[in-house]
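Residue numbers (mature numbering (1 follows the signal peptide of the UniProt record, and there is no 0)): -19 to -1, 1 to 366.
Take a look at the structure:
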């Protein structure tokens, strides 16, 4: 599905989707729903239909990523075979019917005061109350699928997925600020000695997290040699790019997809994180996987199709950059938020508590369970109990 892979690759969120999974109906629909696209199944089926038109897919190969992102690719619809265009119209008809059915059910539930608890709650939240206003991913109310429908679908998917990617970054920032805020709230209830001990312990845990073996730059020769030696149990001095690629091309299709690349990162991630250690945050570990994976694709995936081909890997292995290991700074070294961000968050957090409980009481957090990945200070002192 070249069009779909191209779309995702320019949004740098293919880290969340295995290209191998996209090829199966059930997996790809689930992936889209996880991304929050209520029209994910429709998008997948439209792309699958277009992928069957060889002339269209050949044209896509030569298009700039910006053209796909902007929806300009829709201009090529006029060259698509009549059978494919007929299939596209059938898919649009089913999508309109789906939206109408859901809108009707939603209106009925609102009318009778019922609460929806079905399996597609994510879809439910993003669906409009009716089709009186045309959904942004459709070009018209009519069932005929035209260039405007493809344009709107591509632009909507691009914009929606970019928003989701930005939200992921915002969520991480909020998560880190909440950790800091809860820590500060808890130490407010301590005497000066306890407070100093808590700060000291946190610093010690941070230092312990930072004390790890050198992390290789993802995608460097040194990184892959580590995998070759430690995971493949082969002599480091006998590293062979072609053999290495084949060993980790688990489905033997001559491409590395996102899940296969993720497996290559385990040796480096394990240097940084152990979910069983109090100093290592599993949420930050997941972010690290995504950052590393994005870096590898940026370096090796030259055609930006969301897959790393054998030829792309062999070509990259011959470049000087392949041997240049610049190391890697983990996410804890990056400033997740500014001082102003935190001050604003702190004010809003305290305001929210006042509005919810009628007052703001710092002692509330002194006795709360550790619901974020904060160190279990209790093993060193009783301040968290």
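Built from N, CA and C at the ideal position, the CB exists for glycine as well. Computed from a predicted structure; not experimentally measured.
Query: Can you give, in chain order, each stretch of the alpha helix (DSSP H) that sits fully within the segment 197 to 226 and has at least 4 residues?; Result: 202 to 211
Query: Inspect the beta-carbon positions of residue 274 and residue 243 and report whether they are closer than 8 Å.; Result: yes
Query: For residue 304, I'd like the list of residues in its chain whose CB is within less than 6 Å of its CB, leaving aside the five on either flank, ordered along the chain.; Result: 202
Query: Can you list, in chain order, the residues of its chain whose CB lies under 6 Å from that of residue 99, leaving out five sequence neighbours each side?; Result: Per-residue confidence for residue 99 stands at a pLDDT of 44, beneath the threshold of 50, marking its modelled position as unreliable; no derived number is given.
Query: Specify the secondary structure class of residue 290 as computed by DSSP and reduced to three states.; Result: strand
Query: If the criterion is Cβ atoms closer than 8 Å, does the pair residue 327 and residue 162 meet it?; Result: yes
Query: In terms of residue numbering, what span does the alpha helix (DSSP H) encompassing residue 155 cover?; Result: 128 to 168
Query: How many angstroms separate the CA atom of residue 278 from the CA atom of residue 270?; Result: 12 Å
Query: Ignore the nearest five residues each way along the sequence and tell me which others in residue 194's own chain have a CB closer than 8 Å to its CB.; Result: 252
Query: Would you decide whether residue 233 is buried or exposed? Buried here means 16 or more other CB atoms lie within 10 Å of its CB.; Result: exposed
Query: Could you spell out the range, first to last residue, of the alpha helix (DSSP H) harbouring residue 270?; Result: 263 to 281
Query: Classify residue 217 as buried or exposed, calling it buried when 16 or more other Cβ atoms lie within 10 Å of its own Cβ.; Result: exposed
Query: For residue 236, write down the residues that DSSP places opposite it in a beta bridge.; Result: 290
Query: Note down the Cα distance separating residue 19 from residue 127, rounded to an integer number of angstroms.; Result: 21 Å
Query: Can you tell which of 145, 140, 80, 241 has its C-alpha closest to the C-alpha of residue 116?; Result: 80
Query: Mind checking whether residue 118 and residue 134 have CB atoms under 8 Å apart?; Result: yes
Query: Residue range of the alpha helix (DSSP H) that residue 26 falls in?; Result: 21 to 32
Query: Compute the Euclidean distance between the alpha carbons of residue 306 and residue 200, then round it to the nearest angstrom.; Result: 9 Å
Query: Taking a contact to mean a Cβ-Cβ separation below 8 Å, would you say residue 259 touches residue 153 in this structure?; Result: no
Query: Given a cut-off of 8 Å, decide if residue 236 and residue 288 are closer than it, judged by their beta-carbon atoms.; Result: yes
Query: Using only the alpha-carbon positions, how far apart do residue 191 and residue 156 sit?; Result: 20 Å
Query: Report the three-state DSSP secondary structure of residue 229 (helix, strand or coil).; Result: helix
Query: Give the C-beta separation of residue 21 and residue 136 to the nearest angstrom, bearing in mind that I take them to be a contact with Cβ-Cβ under 8 Å.; Result: Contact doesn't hold; Cβ gap of about 16 Å is too wide.
Query: Taking only the alpha-carbon atoms, compute the straight-line gap between residue 40 and residue 329 and give it to the nearest angstrom.; Result: 51 Å
Query: Distance check for residue 182 and residue 213, CA to CA, integer angstroms please.; Result: 39 Å
Query: Look up residue 329 in the DSSP assignment and say whether it is helix, strand or coil.; Result: helix
Query: Let's see if you can read the secondary structure: which residues bound the alpha helix (DSSP H) around residue 191?; Result: 173 to 191
Query: Since I believe residue 207 is in contact with residue 386 (beta carbons under 8 Å), could you give me their beta-carbon distance rounded to a whole number of angstroms?; Result: Any answer about residue 386 is impossible in this case: the structure gives the chain only from -19 up to 366.
Query: For residue 204, count neighbouring Cβ atoms within 10 angstroms of its own Cβ and tell me buried if that reaches 16, exposed if not.; Result: buried
Query: Pull up the distance between the alpha-carbon of residue 282 and that of residue 71, whole angstroms please.; Result: 35 Å
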